[in-house]
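Okay, so here's the structure we're looking at.
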Amino acid sequence: MASCTTPQKITRFSDFNEGQWESQVYLKEKAKRQSLFFSMNIQSQKNKFFRFDMQTPLGDPAGSFLVNERELKFLNVMQRQYFEGRANEQSMQKLFQIPLSPQAVYAFKFDDVLDPTWECYEKTPPYTRCKNKRSHVELVWKSRQGSDRLIYILHSKASVKLKLKSFSPKLDLKSSPLEIKVPASFKKIKI
């Protein structure tokens with residue numbers, strides 16, 4: 355008789371120091387009246403790096419976004435551009451219209467505590483709604499079911515709907531997640 359094991363039901367990512375998610379993202383830039391939809395593979399080590407590899411709905415590469423402790427790199431395949439700058443709120447705003455710090459990205463992915471510039475309905479994670487007092491960015495967790503999350507990132511200039519799913523507590527390190535190969539023909543931009 356074969357035995358069945360049920361997969362571990364994950365309710366909080368704060369128990370892990372690294373992870374990998376399959377996800378979907380919907381980005382809406384209000385001034386340009388432009389909306390984009392991507393599938394993403396997210397890899398992250400808590401407070402060390404995160405990487406988003408994006409694909410179009412038809413499966414074509416759309417870009418790679420990498421943030422480590424010091425720098426931010428973004429390869430925009432669709433526009434044949436490569437951006438590089440400091441890993442901070444200002445660089446994130448230049449790229450995505452939303453002033454969101456890398457530390458906040460780690461915190462909402464790993465169900466961790468946000469810094470004191472954030473005001474949350476709950477005193478400790480898991481949060482349901484938080485707003486940054488300085489930048490007016492709002493994070494809203496619409497649902498949490500096992501390892502699935504539906505998170506809204508709201509700002510006056512843009513909004514993001516992020517669906518995290520298929521979590522794995524181990525990184526698949528077949529290739530180096532800390533490197534982005536930039537084709538020579540891409541325009542390089544410092545931010």
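If you use my numbering, the sequence shown closes out at 545, no skipped numbers anywhere. From the three backbone atoms N, C-alpha and C, an ideal C-beta is built for every residue, glycine too.
Exercise for the section: Would you list the one or two residues that DSSP bridges to residue 512? Expected result: To locate residue 512, count along the sequence shown from 1; it is residue 158. According to DSSP, residue 512 bridges with 383.
Handout entry: residue 450 vs residue 505 beta-carbon contact at 8 Å
Key = Translated into positions along the sequence shown, residue 450 becomes position 96. Translated into positions along the sequence shown, residue 505 becomes position 151. No, the pair does not count as a contact, with Cβ atoms beyond the cut-off.
Problem - Same chain, Cβ closer than 6 Å to residue 418, five either side skipped, listed in chain order - result: Counting from one through the sequence shown, the residue named residue 418 turns up at place 64. Result list for residue 418: 407, 429 and 534, in chain order.
Handout entry: Secondary structure, beta strand (DSSP E): runs of 3+ residues fully inside the region 412-495
Key = 415-422, 425-430, 435-440, 472-474 and 483-486
Practice task
Measure the CB-CB distance between residue 516 and residue 393 and report whether it falls below 8 Å.
Solution key: Here residue 516 is taken as the residue at index 162 of the sequence shown, counted from 1. Here residue 393 is taken as the residue at index 39 of the sequence shown, counted from 1. Taking 8 Å as the cut-off, the Cβ atoms of residue 516 and residue 393 do not count as close.
Problem - Which of helix, strand or coil DSSP assigns to residue 370 - result: As a working mapping, residue 370 is identified with position 16 in the sequence shown. Looking at residue 370 - three-state DSSP - the assignment turns out to be coil, as it is neither helix nor strand.
Exercise for the section: Confirm, please, whether the CB-CB distance from residue 454 to residue 396 is below 8 Å. Expected result: Translated into the one-based positions of the sequence shown, residue 396 becomes position 42. Translated into the one-based positions of the sequence shown, residue 454 becomes position 100. Not in contact: residue 396 and residue 454 (Cβ atoms no closer than 8 Å).
Exercise for the section: Determine the DSSP secondary structure at residue 530, reduced to helix, strand or coil. Expected result: Here residue 530 is taken as the residue at index 176 of the sequence shown, counted from 1. Reduced to three states, the DSSP call for residue 530 is coil.
Exercise for the section: Determine the DSSP secondary structure at residue 395, reduced to helix, strand or coil. Expected result: As a position in the sequence shown, residue 395 is number 41, starting the count at 1. Looking at residue 395 - three-state DSSP - the assignment turns out to be strand.
Handout entry: Whole-Å CB distance - residue 445 paired with residue 426, under 8 Å assumed
Key = By 1-based counting over the sequence shown, the position of residue 445 is 91. By 1-based counting over the sequence shown, the position of residue 426 is 72. Correct: roughly 5 Å between the Cβ atoms.
Problem - Beta carbon of residue 502 nearer than 8 Å to that of residue 519 - result: In the sequence shown, counting from the first residue as 1, residue 502 sits at position 148. In the sequence shown, counting from the first residue as 1, residue 519 sits at position 165. Going by C-beta atoms, residue 502 is nearer than 8 Å to residue 519.
Practice task
For residue 434, count neighbouring C-beta atoms within 10 Å of its own C-beta (all shown protein chains included) and say buried if the count is 16 or more, exposed if not.
Solution key: Your numbering for residue 434 matches position 80 in the sequence shown. By the 10 Å Cβ count, residue 434 comes out exposed.
Practice task
Starting from the Cα of residue 491, find the closest Cα among 479, 500 and 474 and give me that residue.
Solution key: Counted from its first residue, the sequence shown places residue 491 at position 137. With respect to the C-alpha of residue 491, the residue from 479, 500 and 474 having the closest C-alpha is 474.
Exercise for the section: Below 6 Å CB to CB, which residues in the same chain sit around residue 366 once its five sequence neighbours on both sides are set aside? Expected result: Working through the sequence shown from its first residue, we reach residue 366 at position 12. Closer than 6 Å at the Cβ level, and outside the excluded window around residue 366, lie 465.
Practice task
Under the assumption that residue 495 contacts residue 486 (Cβ atoms under 8 Å), give the Cβ distance between them as a whole number of angstroms.
Solution key: On the sequence shown, residue 495 is found 141 positions in, with the first residue counted as 1. On the sequence shown, residue 486 is found 132 positions in, with the first residue counted as 1. Wrong, their Cβ atoms sit about 15 Å apart, outside the cutoff.
Exercise for the section: With distances taken Cα to Cα, identify the nearest neighbour of residue 544 among 437, 536 and 458. Expected result: For the purposes of this step, residue 544 is taken as residue 190 along the sequence shown, with counting starting at 1. Measuring from the Cα of residue 544, the nearest candidate turns out to be 437.
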